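Inspection log for the structure reproduced underneath, given as structure tokens.
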Amino acid sequence: MLAVLCASLLLVAMDATILNVALPSLIDHMEPSPMEQLWIVDLYGLVLGGLLITCGAIGDRYGRKRLFLSGFVLFGLASVVAATAHMPAQLIAGRALLGVGGAMVMPSTLSLIRNIFTDDKERTLAIGIWASVAGAGAAIGPLVGGHLVEAFGWSAAFWLNVPVVIITVGAGLWLLPEYKAPQHGSLDWASAALSVLGVVALAWGIKHVAKGSPAPIDLAIMAASVILLGLFAYRQLKSADPLLDVRLFRNRAFTAAALATLLAMLAIGAALFLISLWLQYIHGYSPSEAGMRTLPAALATLFGSLSTPWLMQHVGVRALMGFALGALATGFAVLAAVPETTYPIVALVLLCLGIGDGIAITTAAAVLVSAVPAERAGQAGAVEETNYELGIGLGVALLGSIHGRLFTGHMTGLPLQGEDLADARGSVGGAAYVAEKIGGPTGTEVLHIAQHAYDAALTTTSWISTAMVGTVAVLTAILVPRGFKATAAH
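Next up, the structure:
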């Protein structure tokens, strides 16, 4: 049963990062506009993150197995839509449908684990395996995507999903038990709409405001997200049967776990995105070579996740969360402190980030699930997965946008003019394209300037990341009570 849940989770998690290395090939093949590129990359996470709370509540009310299997079937069909796309619009539609399917699958996996494994030790081990798959899925996305793109083209990143969906749905029909919470009323569709619109608007607003010089519409969307989420929280407090019981956040350990999940995935999402670009555009590695060089993050995530159940028994939740977030902060601090970025330094950073991510996600999941009764497990899963997806998306959006602005600022002294100058200063991909097009000593000089600009931007971005993660580490130390243990709620 656990294998069925983890196989589905692996695909959904991989799809959040698999386009990191497939994007250059996809751009060459389909030639999407800059705005279409944005939608291709971002829409999956936006849709998935926006629907998780609603889907968690649907699973609680109408059946978690039913929601899980329906979502995975949709995920498979959406993969076919994306893989067969010949124009950006179809690919964007496929990515949106993948997000809907993923939102139906992800909270169901964690809530079903809460129902299947009733013994505390068994459940902690199962959550450790679940979290290792969730973290490793995001980390190995570039690795798997790189090999598939190089061997079969960008569409293989989506075709991969189809046979796994067929096998997993067949096994799930036979193996998984059904569960739905007793005495739940009908779904509050007004609250569902507020949560979806609020989360999507928040993610969109942060991404565009972080780019600098936001348009009035971006500021309006950001403000709307605050209003929508405020109305959602107010409605939940007044409801006898809320979509998400926001009173759960009065539990200090629950709040700390939610923050840890968000920051851990923000860190690993941003790092994998920026390092994948650094490997391909600055050092000229192929997609598969770039993917292989992100492997330390995946291995460290697996090690961290699988060791967490034992560590929780012997070290405790408070110390473990502090160590995990400290490892994440250390990784970024190392990346920021070195005068020149080299791959051995990057490998060390990925190891630190992977260990921190694996331990943080596993510990947080155990805390979130144990903090709620069985009938609310879908809500706990939705909180975990919303922060997971928003973390990855905001890592790319927030830190990626900050890095992009810094990169442009450091691209000075270029021996270019006109359109070539604008392209080279616009992004590292544009600089690599211009350098290859021009060739010769001038092209080499452009690439050299871009490398130093990228490293300088990465240094500042890493210091910002260190400060962010360090702040949350202090907050979790304050929030989690001494001696707190993640045991079953009753």
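All residue numbers for the sequence shown refer to my numbering, where the first residue is 387 and numbers rise by one.
C-beta: ideal position from N, C-alpha, C; glycine also.
Here the structure is a predicted model, which means the values were calculated and not measured.
Open item on the list: Excluding the 5 residues flanking T495 on each side, which residues of the same chain have their C-beta closer than 8 Å to its C-beta?
Closed with: L391, C392, S394, L395, F454, W516 and G767
Task: For A399, the nearest candidate out of R500, V535, L697 and A520 (CA to CA) - done: A520
Open item on the list: According to DSSP, simplified to helix, strand and coil, what is K593?
Closed with: helix
TODO: Write down every uninterrupted run of the alpha helix (DSSP H) in the segment 471-514 whose length is 4 residues or greater and which is fully enclosed by it, in chain order.
DONE: 474-502
Task: Chain-order list of residues whose beta-carbon lies under 7 Å from that of L573 (same chain, five-residue window excluded) - done: A443, I444 and R447
- [ ] Would you check if the distance between the CB atom of A842 and the CB atom of H796 is smaller than 8 Å?
- [x] yes
Open item on the list: Rounding to the nearest angstrom, what Cα-Cα distance links I404 and A525 in this structure?
Closed with: 9 Å
Open item on the list: Let's see if you can read the secondary structure: which residues bound the alpha helix (DSSP H) around T647?
Closed with: R638 to L663
- [ ] Work out the CA separation of P563 and L877 for me, nearest whole Å.
- [x] Since the displayed the chain opens at 387 and closes at 876, residue 877 lies outside it and no answer follows.
- [ ] Mark M473 as exposed unless 16 or more other C-beta atoms lie within 10 angstroms of its C-beta, in which case mark it buried.
- [x] exposed
Open item on the list: Just to confirm, is the Cβ distance from T748 to S662 under 8 Å?
Closed with: no
Task: Counted within 10 angstroms of its Cβ, other Cβ atoms place L858 as buried (16 or more) or exposed - done: Here residue 858 turns out to be Val, not Leu, going by the sequence shown. Buried is the call here.
Task: Residue from A817, G804 and V427 with nearest C-alpha to G480 - done: V427
TODO: Along the alpha helix (DSSP H) that carries D743, what are the first and last residues, could you check?
DONE: Y729 to S756
- [ ] Tell me whether G558 is buried or exposed, calling it buried when 16 or more other Cβ atoms sit within 10 Å of its Cβ.
- [x] buried
TODO: Might you give, ordered along the chain, the residues of its own chain that have their beta carbon closer than 8 Å to the beta carbon of L623, omitting 5 neighbours on each side?
DONE: V632 and R633
TODO: Compute the Euclidean distance between the alpha carbons of V586 and E770, then round it to the nearest angstrom.
DONE: 17 Å
Task: Classification of P628 by the beta-carbon crowding that lies within 10 angstroms, buried from 16 upward - done: buried
- [ ] Report the rounded CA-to-CA distance for T680 versus P600, giving the unit in angstroms.
- [x] 33 Å
Open item on the list: Please tell me whether V753 and A643 are closer than 8 Å, where the distance is taken between their beta carbons.
Closed with: yes
Open item on the list: Whole angstroms are fine: how far does the CA of G869 sit from the CA of A639?
Closed with: 11 Å
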